[in-house]
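For the sequence shown, the numbering used here gives the first residue as 8, with consecutive numbering after it. For each residue, glycine too, the CB sits at the ideal point set by N, CA and C.
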Amino acid sequence: MAVDAAPIQAVRWDGRRLAVLDQTRLPHEEVWLSLTGAQDTAQAIRRLAVRGAPNIGIAAAYGLAMELSARPSLGALEAASELLSGARPTAVNLAAAVARVRTAALGAGPSTLASAARAEAQRLHADEDAASAALAAHGADVLASARTILTHCNTGALATGGRGSGLAVILELAARHEGVRVLACETRPLLQGARLTAWELTRLGIPFALIVDGAAAGLLRRGEADAVVVGCDRVAANGDVANKVGTYAHALAARAAGLPFVVAGPTSTIDLATPDGDAIEIEERDGAEVSELGGVAIAPAGTPVRNPAFDVTPAGLVTALVTERGVARDPDTASVAALAARP
Ligand code: MRU
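Written out as structure tokens, the structure is:
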């Protein structure tokens with residue numbers, strides 16, 4: 008595939024409609040969906056056509072704004088807010104973005120409900136774009152001596168505003184130093200690493216190798232990476248972090264190998280109302296995502312399945328939490344609160 012360094016913008020607002028790149032079809036096809044309201048936006052979020060913590064917040068913000076353009080009433084505001092916030096439970100960005108747009112709409116008069124919601128959704132989108140650039144710079148400072156980075160899931164422009172969270176840190180590192188390369192975990196069961204991170208890194212021309220998730224610990228132990236960088240879906244008040252299932256195992260392996268485990272995400276992912284990781288709701292998805300691959304059964308019919316989509320890494324395993332407002336090293340309740348309070 009030809010290398011194309013143009014930034015991907017997977018969520019595009021034209022002032023009326025939201026176009027999203029359908030991530031269930033990548034890497035084979037680039038299919039764009041045109042979303043028009045709360046129902047189809049919630050559905051696109053649920054089936055991961057649009058995904059990644061910041062991007063589902065951005066999409067939901069526009070979903071609510073589009074719904075209010077079609078039905079500018081308090082009833083529609085409440086029903087659409089509930090529908091969109093409930094589309095997925097783990098990433099706090101979703102409910103937080105909907106709450107932000109709802110508050111802006113409620114603060115406007117009935118005649119400006121929809122325009123206030125649209126303006127707030129656009130501000131939120133711009134904030135996420137700016138956060139990505141700022142956190143990338145902070146993360147590259149933290150990882151200045153690292154060259155081979157192991158990462159999990161997809162944390163690039165497909166998942167966030169701007170160029171990503173974890174992947175934006177890696178891209179900034181590559182812009183500053185020669186020899187940066189990536190070990191990308193495939194990320195069972197939905198293969199966000201194999202399908203999406205590999206697609207982004209190929210377009211960007213960053214050298215990488217795809218590995219099965221189970222290879223990560225052994226490669227880290229052998230010193231084949233210098234650090235692990237991941238994104239996050241919710242950071243609890245005490246610094247515990249929820250991210251794509253499999254992340255906790257990488258954190259344990261990094262600690263055992265004496266390597267930094269860095270979590271990158273915008274402050275919109277910090278949830279001070281959730282005291283710790285045990286209080287984070289972990290999304291359980293359809294068992295068929297595990298027992299089938301590309302629609303083909305890979306387990307005997309009727310095999311019982313558990314499919315938690317995320318796991319929690321305790322704060323004690325996190326070397327640094329990198330946000331657009333700065334970095335909390337060895338994050339704890341005090342440093343997470345201080346980061347969240349920074350302007
Ligand atoms: O289920 P997904 O693909 O939405 O999960 C995404 C992740 O877990 C990412 O690592 C996370 O959202 C951080 S990317 C900004």
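Name the DSSP beta bridge partners of N250, please? D318
Would you kindly report the start and end of the unbroken beta strand (DSSP E) that includes V237? From DSSP, the beta strand (DSSP E) with V237 extends over A234 to V237.
In its own chain, which residues sit with a C-beta less than 6 Å from the C-beta of R53, not counting the 5 before and 5 after it? Taking R53 as the centre and dropping the five residues before and after it, the same chain places the C-beta of A94 closer than 6 Å to its C-beta, in chain order.
CB of G294 to nearest heavy atom of the ligand MRU: below 6 Å? no
Rounded separation between E36 and R241 - CA only: 30 Å
Could you please give the first and the last residue of the uninterrupted alpha helix (DSSP H) stretch that includes G173? G173 to R183
Give me the Cα-Cα distance between P321 and D247, rounded to the nearest whole angstrom. 5 Å
Three or more beta-carbon pairs under 8 Å between the region 173-188 and the region 74-93, yes or no? no
Check whether the Cβ atoms of S92 and V105 lie closer than 7 Å to each other. yes
Selected residue, minimal CA-CA separation from G186, among T162, A151 and V329: When only C-alpha atoms are compared, the closest one is A151.
From this set, A243, L203 and R262, which residue's C-alpha is nearest R228's C-alpha? Residue R262 is the option with its Cα nearest to R228.
Within the chosen definition, does the region 157-176 reach the region 136-149 through at least 3 CB pairs nearer than 8 Å? yes
Pick from P14, L33 and A49 that is closest to L25, judged by C-alpha positions: Checked all of P14, L33 and A49; the closest Cα to L25 is A49.
To the nearest angstrom, how far is the alpha carbon of A181 from that of A201? 20 Å
How about N250: is its Cβ closer than 6 Å to a heavy atom in the ligand MRU? Correct: N250 has its Cβ closer than 6 Å to the ligand MRU.
Limits of the unbroken beta strand (DSSP E) element including G333: Unbroken beta strand (DSSP E) run through G333: G333 to R336.
Regarding R313 and the ligand MRU, is the C-beta to nearest heavy atom distance less than 6 Å? no
Could you check what DSSP says for G284 in three-state terms: helix, strand or coil? helix
Determine the DSSP secondary structure at G302, reduced to helix, strand or coil. coil
Helix, strand or coil at S376 [DSSP, three-state]: Residue 376 lies beyond the stretch modelled for the chain, which goes from 8 to 350, so this question has no answer here.
Please give the ranges of any alpha helix (DSSP H) in the region 136-218, keeping only runs that are unbroken, at least 4 residues long and fully inside the region. 173-183 and 205-211
Using CA coordinates, which residue listed in R109, L71, V312 and G284 is at the minimum distance from V297? V312
I believe G238 touches A191 by the beta-carbon criterion, under 8 Å. Please report the beta-carbon distance rounded to the nearest angstrom. Their Cβ separation, rounded to whole angstroms, is 13 Å, which puts G238 and A191 out of contact at 8 Å.
Could you check what DSSP says for E291 in three-state terms: helix, strand or coil? Three-state result, E291: strand.
If you follow the beta strand (DSSP E) that L40 is in, where does it begin and where does it stop? W39 to L42
One question on the structure: do V57 and V99 come within less than 7 Å of each other, judged by their Cβ atoms? no
So, at 8 Å on beta carbons, what are the nonlocal neighbours of A126 in its own chain, with the 5 sequence-adjacent residues on each side left out? A111
What residues are listed by DSSP as bridge partners for V271? Looking at the sequence provided, one finds Ala at residue 271 rather than Val. DSSP lists V329 as partners of A271.
Taking the C-alpha atoms as reference points, what is the distance between A335 and V329? 7 Å
Taking the alpha-carbon of C160 as reference, which of H257, A295, T43 and R349 has the nearest alpha-carbon? H257
Can you tell me whether DSSP reads R23 as helix, strand or coil? The answer is coil: DSSP assigns R23 none of H, G, I, E or B.
Is L71 helix, strand or coil by DSSP? helix
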